[in-house]
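Following: one structure in structure tokens, then a few remarks.
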Amino acid sequence: MIVGRSWLFVLIATIAIVGGCSSGQGRSRSTISTQPDGLRTFSVILERDGIPVVCPAFGLVNPVRGTLRGDVAGTPDRVWLESGGRHLSIVWPGGFSLRFAPDAELSNEHGVVVAREGDLVELSQVQPDEHAGSFDDPYLASGILFDGCYPYLA
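Below you can see the structure in the form of structure tokens.
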């Protein structure tokens, strides 16, 4: 009988220890939202569980690239990349904003214009086969972009 109680004690103690290891909070992850200006953005996570998240220092041989296009009344996107006649939906890093003056201007989180309508934009760490580039399966402008680091965590 003592052996049976010992196993029960070990089982209860193990459950208590493992349960105590959980902080009760989910891990940080990026979310996608639409800003008042119509720009879709993802939340940039710079730290996870107290550890800095960094962008890898590499570029792809064949990244997603295209010409920035915009339409103040655009549906479903107000700004997108055009590549080979295709409309590529992009979700931009959080803090980015869009304005029309009168053409589309994309600004970073510091308010600096990083691209204007007609500019070639390269998402140097985004592979074309990662997503379809449609509104429902957009490319994420993550990693190194316009001299900034914008990690996306799934």
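The sequence shown begins at -7 in my numbering and counts up by one.
Glycine is no exception: its CB is placed at the ideal position from the N, C-alpha and C atoms.
Count the other C-beta atoms from every protein chain shown that fall within 10 angstroms of the C-beta of Ile24, then say buried if there are 16 or more, exposed otherwise. One-based indexing of the sequence shown puts residue 24 at position 32. By the Cβ neighbour-count rule, Ile24 is exposed, with fewer than 16 other Cβ atoms within 10 Å of its own.
Where the beta strand (DSSP E) containing Thr59 begins and where it ends: Translated into the one-based positions of the sequence shown, residue 59 becomes position 67. Run containing Thr59: Val56 to Gly62, per the beta strand (DSSP E) assignment.
For Pro85, the first and last residue of its enclosing beta strand (DSSP E): For the purposes of this step, residue 85 is taken as the residue at position 93 of the sequence shown. Counting along the chain, the beta strand (DSSP E) containing Pro85 begins and ends at Ile82 to Pro85.
What's the C-alpha gap between Ile43 and Ser81? Locating residue 43 in the sequence shown gives position 51, counting from the first residue. Locating residue 81 in the sequence shown gives position 89, counting from the first residue. C-alpha separation (whole angstroms): 31 angstroms.
What residue from Thr26, Arg78 and Leu31 has the CA that sits closest to Ala124's CA? Your numbering for residue 124 matches position 132 in the sequence shown. It is Arg78.
Tell me, please, which residues DSSP counts as bridged to Thr26. Counted from its first residue, the sequence shown places residue 26 at position 34. In DSSP, Thr26 forms a bridge with Arg32.
What did DSSP end up calling Ser89 once you bin it into helix, strand or coil? Taking the sequence shown and counting its residues from 1, the one referred to as residue 89 is at position 97. Strand.
Going by C-alpha distance, which of Leu145, Asn100 and Asp95 is nearest Glu109? As a working mapping, residue 109 is identified with position 117 in the sequence shown. When only C-alpha atoms are compared, the closest one is Asp95.
6 angstroms CB neighbourhood of Asp129 in its chain, flanking five on each side removed: For the purposes of this step, residue 129 is taken as the residue at position 137 of the sequence shown. For Asp129, same chain residues with a beta-carbon under 6 angstroms away, outside a window of 5 residues either side, are His123 in chain order.
Do you know how far the Cα of His102 is from the Cα of Arg91? Translated into the one-based positions of the sequence shown, residue 91 becomes position 99. Translated into the one-based positions of the sequence shown, residue 102 becomes position 110. About 14 angstroms.
What would DSSP say about Glu39, mapped onto helix, strand or coil? Mapped onto the sequence shown, residue 39 falls at position 47. Glu39 falls in the strand class under three-state DSSP.
So for Glu122, helix, strand or coil by DSSP? Here residue 122 is taken as the residue at index 130 of the sequence shown, counted from 1. DSSP places Glu122 in coil when its eight states are reduced to three.
Quickly, what does DSSP pair Glu109 with across the bridge? List them, please. Your numbering for residue 109 matches position 117 in the sequence shown. Looking at the DSSP assignment, Glu109 forms no beta bridge with any residue, so it has no partner.
Work out the CA separation of Val113 and Gly76 for me, nearest whole Å. The residue given as residue 76 occupies position 84 in the sequence shown. The residue given as residue 113 occupies position 121 in the sequence shown. So the alpha carbons of these two residues sit roughly 14 angstroms apart.
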